[in-house]
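With the working numbering applied, the sequence shown covers 112 to 314.
Beta carbons are placed, not taken as given, at the ideal position from N, Cα and C, and that holds for glycine.
See structure below.
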Amino acid sequence: MRSRLDPFYPVVDSAAWVRRMVGAGARLVQIRVKEKPDDVVRAEIRDALAVCRTAGADLVVNDYWEIAIDQEAAYLHLGQEDLDGADLAAIRKAGLRLGISTHTHEELDRALSADPHHVALGPVWPTILKKMPFGPQGLERVAEWKRLIGARPLVAIGGLNPERARQCLDVGADVVAVVNDLVGAANPEARAKEWIAATRATA
112 MRSRLDPFYP VVDSAAWVRR MVGAGARLVQ IRVKEKPDDV VRAEIRDALA
162 VCRTAGADLV VNDYWEIAID QEAAYLHLGQ EDLDGADLAA IRKAGLRLGI
212 STHTHEELDR ALSADPHHVA LGPVWPTILK KMPFGPQGLE RVAEWKRLIG
262 ARPLVAIGGL NPERARQCLD VGADVVAVVN DLVGAANPEA RAKEWIAATR
312 ATA
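See the structure below:
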């Protein structure tokens, strides 16, 4: 487990994708499995953790905090809705490094009250990943969020490509997350290498 987060942060939905991204050079990956039976989710997380441990990469488990604790993961990510049912005391006791999604000042206040390891802000640009009740945040909000959260790592997400990722890093983001620009690419591994070249050059 690294003392700082790698700036390139692919978000994928299976252990197979985690393996592909780690194989391309990713050091930090989130596994976000949605609408699958718990046993399938558990198996995907277990396999993804094995891949990352072998490669010396960090895996962030999305949402499933109980499985993350059981599988001795190091990182967990929760959305605002996920916070409602999460046992933050158990998460802290397990030593999980917690990241929380934010979109508004109210959500940021709520996130900071949980003393997270890192904070995510999005969507910075319009995104087709999911229907969002929030408009694009823009680069000024990225810079503002970094001022507000201080030393905690700030993750920018939403509508990013390598050029936009560099802009986010330049105004204060520490990490840039990507979904569609990567998994929708004709050659995701080659695209991952473009992201790595762009983001680690500014890290």
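- Distance between Asp150 and Ile142, taken at the CA atoms: about 15 Å.
- Counting C-beta pairs with one atom in each stretch, the region 256 to 263 and the region 288 to 300 have fewer than three that are closer than 8 Å, which means they do not touch.
- Gln182 is positioned such that its CB atom lies closer than 8 Å to that of Leu160.
- Taking 8 Å as the cut-off, the Cβ atoms of Val230 and Thr213 count as close.
- Its Cα nearest to that of Asn272, the residue Val287 stands out among Ala262, Val282 and Val287.
- According to the DSSP assignment, Gly134 belongs to the alpha helix (DSSP H) that extends over Ala126 to Gly134.
- Ala179 is a Cβ neighbour of Leu207, given a cutoff of 8 Å.
- Here Asn173 is buried: its Cβ has 16 or more other Cβ atoms, across all protein chains shown, within 10 Å.
- Separation of the CB atoms of Gly136 and Ile307 is rounded to 5 Å, and the pair is thereby assigned contact status at 8 Å.
- According to DSSP, residue pairing for Gln141 in a beta bridge involves Val122 and Val171.
- Taken in chain order, the unbroken stretches of alpha helix (DSSP H) that lie wholly in the region 254 to 303 and span 4 residues or more are 273 to 281 and 291 to 294.
- Beta-bridge pairing by DSSP links Val152 to no other residue.
- Minimum Cα-Cα distance from Val290 among the listed residues Trp176, Asp117 and Val140 corresponds to Val140.
- Each residue's CA atom was taken as its position, placing Leu187 and Gly261 some 20 Å apart.
- Cβ neighbours of Cys279 within its own chain (closer than 8 Å, five residues either side excluded): Val235, Leu250, Val253, Ala267, Leu271 and Val287.
- Less than 8 Å separates the beta-carbon of Val162 from that of Ala126.
- Judged by DSSP in its simplified three-state form, Gly249 adopts helix.
- In the three-state DSSP reduction, Thr213 falls in the strand class (E or B).
- Annotated three-state conformation of Leu194 is helix, per DSSP.
- Annotated three-state conformation of Arg208 is strand, per DSSP.
- Counting along the chain, Ala231 sits inside the beta strand (DSSP E) bounded by residues His229 to Leu232.
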